[in-house]
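Asks: Residue numbers (my numbering): 477 to 592.
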Ligand code: AMP
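1) Please go through the segment 506–530 and give each complete alpha helix (DSSP H) segment of 4 or more residues, from N-terminal end onward.
2) With a threshold of 7 Å, establish whether the CB of residue 484 neighbours any heavy atom of the ligand AMP.
3) Is there contact here, the segment 576–590 with the segment 508–526, by at least three beta-carbon pairs under 8 Å?
4) Let me check one thing: in DSSP terms, what residues is residue 574 bridge-paired to?
5) Is there contact here, the segment 536–551 with the segment 565–575, by at least three beta-carbon pairs under 8 Å?
6) Can you tell which of 501, 552, 590 and 526 has the C-alpha that lies nearest to the C-alpha of residue 576?
7) Pick out whichever of 566, 547 and 564 has its Cα sitting closest to the Cα of residue 558.
8) By how many angstroms is the C-alpha of residue 592 removed from the C-alpha of residue 486?
9) Sorry if obvious, but does the Cβ on residue 505 come closer than 7 Å to a heavy atom of the ligand AMP?
10) Which residue or residues does DSSP assign as beta-bridge partners of residue 579?
11) Looking at residue 564 and the ligand AMP, is the gap between the Cβ and the nearest heavy atom below 7 Å?
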């Protein structure tokens with residue numbers, strides 16, 4: 477069994493977070509340390525530690541990440557100018573919380589995809 481992270485507690489509403497959306501598959505909440513004017517995390521409710529543990533049974537929840545990202549980006553007024561969706565994996569990817577999550581970032585030009 478994978479070890480729970482703080483995100484499981486946010487999903488169960490055991491600790492506070494600025495939750496923008498929740499359904500039976502995913503939860504979206506504002507990043508506590510925003511890197512852009514809009515910085516939202518969209519997470520599957522089921523604990524999947526990294527993309528390395530993704531299985532076919534997760535496809536519905538992981539697809540939902542995108543439809544919720546599209547909806548929240550539109551609500552934040554980001555659709556036309558654009559935004560960035562990021563999912564980090566393990567050390568080289570810069571993953572800090574081992575419960576996969578999609579970052580939705582926007583509200584300013586975000587610059588090149590990677591710093592050298
Ligand atoms: P990553 O580096 O892709 O694992 O991203 C983890 C993200 O989770 C970071 O952007 C953190 O700022 C964010 N984060 C960590 N703890 C919390 C929390 N309690 N509420 C909201 N966001 C959090």
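Quick reminder that beta carbons are idealized off the backbone N, C-alpha and C, glycines included.
Replies: Result, derived from the coordinates:
1) none
2) no
3) yes
4) DSSP, once it has assigned bridges, lists no residue as partnering residue 574.
5) no
6) 526
7) 547
8) 34 Å
9) yes
10) 517 and 562
11) yes
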